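Participant: Residue numbers (the numbering used here): 2 to 133.
C-beta: ideal position from N, C-alpha, C; glycine also.
Predicted model, so just to flag it, every value in this text is computed and none were measured.
Encoded as structure tokens, here's the structure I'll be asking about.
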């Protein structure tokens, strides 16, 4: 999977968006926006992979099936938000935002980017690694 960095940099140019990362389900960084270092992106990607896994495991709480598709996780902090969105099989798009961001607009833009990239954001499983 190779997502052009300029697409993420376009996201972080939106008002209230701080950083963007595309990661794999096992927590590896595919690409990150310019305002975050590779080391920080690696650290956050590992945590974000765990977060989306926990989110998916609670599907039955919101539906009658434990296999309801996971689409997005939103975490709110005093100082901002974290959105993690499904971005193809085994891939996720995550952004951090300030507290004054327009959440519906950002969520919409994330889904537009995912739709535009389509299958390019799919990360096939590595040997011996199961993907949801």
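Measure from the alpha carbon of residue 106 to the alpha carbon of each residue in 9, 15, 6, then state which is nearest.
Facilitator: In the chain shown, residue 106 corresponds to position 105, counting from 1. Ranking 9, 15, 6 by Cα distance to residue 106 puts 15 first.
Participant: Express the C-alpha separation of residue 17 and residue 11 in angstroms, rounding to a whole number.
Facilitator: Along the chain shown, read from residue 1 onward, the residue named residue 11 stands at position 10. Along the chain shown, read from residue 1 onward, the residue named residue 17 stands at position 16. Rounded to whole angstroms, residue 11 to residue 17 spans 12 Å at the Cα level.
Participant: On the DSSP bridge assignment, give the partners of residue 9 in chain order.
Facilitator: Taking the first residue of the chain shown as 1, we reach residue 9 at position 8. The partner list for residue 9 (beta bridge, DSSP) is empty, contrary to what the question assumes.
Participant: Alpha carbon to alpha carbon, what distance is there between residue 60 and residue 144?
Facilitator: Only positions 2 to 133 of the chain appear in this structure, which leaves residue 144 out of reach.
Participant: Just to confirm before moving on: does the CB-CB distance between residue 33 and residue 47 stay below 7 Å?
Facilitator: Within the chain shown, numbered from 1, the residue matching residue 33 stands at position 32. Within the chain shown, numbered from 1, the residue matching residue 47 stands at position 46. No, these two residues do not count as a Cβ contact at 7 Å.
Participant: If you compare alpha carbons, which of 99, 90, 70, 91 is closest to residue 84?
Facilitator: The count along the chain shown starts at 1 and reaches residue 84 at position 83. Out of 99, 90, 70, 91, 99 has the C-alpha closest to the C-alpha of residue 84.
Participant: By the 10 Å Cβ neighbour count, where 16 or more other Cβ atoms means buried, how is residue 31 classified, buried or exposed?
Facilitator: Stepping through the chain shown from its first residue, residue 31 is reached at position 30. Burial call: buried.
Participant: Alpha carbon to alpha carbon, what distance is there between residue 8 and residue 36?
Facilitator: What you label residue 36 is simply residue 35 of the chain shown in a count that begins at 1. What you label residue 8 is simply residue 7 of the chain shown in a count that begins at 1. Going from the Cα of residue 36 to the Cα of residue 8 covers about 13 Å.
Participant: Roughly how many angstroms separate the alpha carbons of residue 39 and residue 113, rounded to a whole number?
Facilitator: Locating residue 39 in the chain shown gives position 38, where the first residue counts as 1. Locating residue 113 in the chain shown gives position 112, where the first residue counts as 1. Looking at the two C-alpha atoms, the distance is approximately 25 Å.
Participant: Let's test the definition: count the other Cβ atoms within 10 Å of the Cβ of residue 68 and tell me whether it reaches 16, buried, or not, exposed.
Facilitator: Position 67 of the chain shown, counted from the first residue, corresponds to residue 68. Flag for residue 68 reads exposed.
Participant: At what residues does the beta strand (DSSP E) containing residue 46 begin and finish?
Facilitator: Locating residue 46 in the chain shown gives position 45, where the first residue counts as 1. Careful: residue 46 lies outside any beta strand (DSSP E), inside the alpha helix (DSSP H) at 39-58.
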